[in-house]
Each structure stands twice: as structure tokens, then as C-alpha cells.
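First comes the structure, then the notes that go with it.
Residue numbers (my numbering): 4 to 290.
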């Protein structure tokens, strides 16, 4: 199983030079991917812009949105062009993970309907695939991989699993623990088989971590702030963060045993030492 690391782009107050240096260090440390998560009404960096900056200072590591909330971007053609641009600028290193979103304030700020987000996602997936294949004319640079960048969908409902089987290369479970992974994995496999897809879907997971003396406090503070709108669910997310090296190693082993292809650990603290601490805990070798 591959092990990736998130960028600290959603931690309030993190400066741009830290994001860029974090990307450079993660590339050299040997992590498989750099991940970004997404909100509108929050003081975070926009995911594709952050990954474009990361692309400029890295050469090996994949660049992943895990996930970008597609229905908040109503212009599917522009979104397809932005993704193709990052993919081409990075030499084909983009993993384009997409999700629906669940915050009413994000949808209100974007001027789009939260109640129509499923229909919007369907439209976007169809239109972006059409654009990346060249059927819609000359919209953006041609993605490095024929048909578009690697496409991953997040979510835990039947409609998501059907979309994975119809449009995508795989699925990502967001913010959970290893024991939650098998159920979604099995549902993806069932939808994939029912759709008559060949091969196997790629399966990823996102988990949170913080390491060092103040790790537990950092995870509790950040995750309750970021996921506060979820109420008691935010408590579970915060409690599930890996805040010591033993838990990091246990998560890696358990996700691998559950059939996960790549685990991306997203930080709860912005200090650059977090890159080295995670590499050491996970046993990552320099790339």
C-alpha cells in the first residue's frame, strides 16, 4: 500500500511559503501523493491552486484532491480546464478526487443548490469526460493521460458507488478509521462488477494525524473547528486522528490489510517537522 501526505492548506493561518516547502519536503521524503481537501467558507487555500504551486517545486510525487467539491464549481468546462492544466503542468501527476459537499454555507456562497448537487455531479462528470476526450472542442490543454487525469470519487452512498463504476478509476473513503473501510470497499466492488467494468477500482483512504508533544491538542482543536458543523460526528473524527507513531503504524497496517491501495494522512498541525515525523513513523524511504 502506498502512503501519501496531505498539505496543510486547510489549517488556519498557514503561510504560502510553508505550503510550498512542505510539498518540496514530501517529494524528497518518498511519500506517494500530496493531498488537498476542500471548503469554500473557511480560510483555506483553493485545492487546485495549491497543487499548481506544489507542482512547481516537485518532480515525482502525485498531486491529489481528496476531495474537491465539484458541485460548488458550476462551470464544468472551466473545472475540466483547470484540472487538465494542473495535470499537464505537473507532467500527468494529478489524481482528481471529487465529492459532493455537505455544508449549506458553502453552497450559499457559491450560488448553487445543495439539493441538486447529485444532478450537478452527474452533469460535471459527463461533461468533463467529454472535454478531456476532445469531443467538446479545444477546451484547455490535453491531459497527459488519454481521456483525462486519474479520477477518484468520494462518498458513502449507493449513488457514489454507481458513479465510480460508471465514470471513475476508483473511490476514496474520507476521514475514517480502518474498520470502516471494508464496507465501502465491498460496495464499490459490487457496483463495479454490476457495471461490467474490467479490472479493479483503485481504493484510497484519508485519515488525520498529528505528531509530537502537542499532537493530541492540535488534532482536537483543528478537527473540531473544521468539522464543527457535524456536531457529535466531529468528536468521532477528532478521536480517530493518529496522534502517536504507534497509531500511525497501526493504521497503515490495518488499511493495507483491508485492501486499501493508498492511505493519505492529512495533517492537523502546520509545522514542517510534521513531514519528517510522519515519514519516520510510517517508515517511508526517501524518493
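Beta carbons: idealized from backbone N, C-alpha and C, even for Gly.
- Pairing residue 99 with residue 219, the inter-Cα distance amounts to about 31 Å.
- Look at residue 67 here: in three-state DSSP terms it is strand.
- Sequence-distant partners of residue 115 (beyond 5 residues in either direction) whose C-beta falls short of 8 Å from its own C-beta, in its chain, are 74, 75, 77 and 123.
- A straight line joining the alpha-carbon of residue 83 with that of residue 144 spans about 10 Å.
- When the five nearest sequence neighbours on each side are left out, the beta carbons in the same chain lying within less than 6 Å of the beta carbon of residue 288 are those of 33, in order along the chain.
- Within the segment 181-255, the runs of beta strand (DSSP E) that reach at least 3 residues and sit entirely inside it are, in chain order, 205-212.
- Taking each of 107, 125 and 267 in turn and checking the Cα distance to residue 233, the smallest one comes out for 107.
- Scanning 63, 15, 12 and 30 for the CA closest to the CA of residue 279 turns up 30.
- Three or more Cβ pairs closer than 8 Å define a contact, and the segment 238-248 meets that threshold against the segment 210-227.
- CA-CA distance, residue 19 to residue 214, rounds to 22 Å.
- The straight-line gap separating the alpha-carbon atoms of residue 131 and residue 15 is approximately 32 Å.
- Contact between residue 271 and residue 226 holds: their C-beta atoms lie close to 6 Å from each other, under 8 Å.
- One alpha carbon belongs to residue 26, the other to residue 175, and they sit about 21 Å apart.
- Judged by pairs of C-beta atoms under 8 Å, the segment 128-142 does not touch the segment 57-70, as fewer than three such pairs exist.
- With fewer than 16 other Cβ atoms inside 10 Å of its own Cβ, residue 161 counts as exposed.
- The Cβ atoms of residue 95 and residue 146 sit closer than 9 Å to each other.
- Per DSSP, the beta-bridge partners of residue 39 are 68.
- Residue 201 and residue 166 have their C-alpha atoms roughly 15 Å apart.
- The C-beta distance from residue 184 to residue 258 rounds to 6 Å, short enough to meet the 8 Å contact threshold.
- Between residue 188 and the set 252, 199, 173 and 5, the nearest pair of CA atoms involves 173.
- Residue 6 is bridged by DSSP to 266.
- Secondary structure of residue 258 (DSSP, three-state): helix.
- Rounded to the nearest angstrom, the gap between the Cα atoms of residue 60 and residue 203 is 32 Å.
- Taking 9 Å as the cut-off, the beta carbon of residue 43 is found closer than this to the beta carbon of residue 113.
- Secondary structure of residue 34 (DSSP, three-state): coil.
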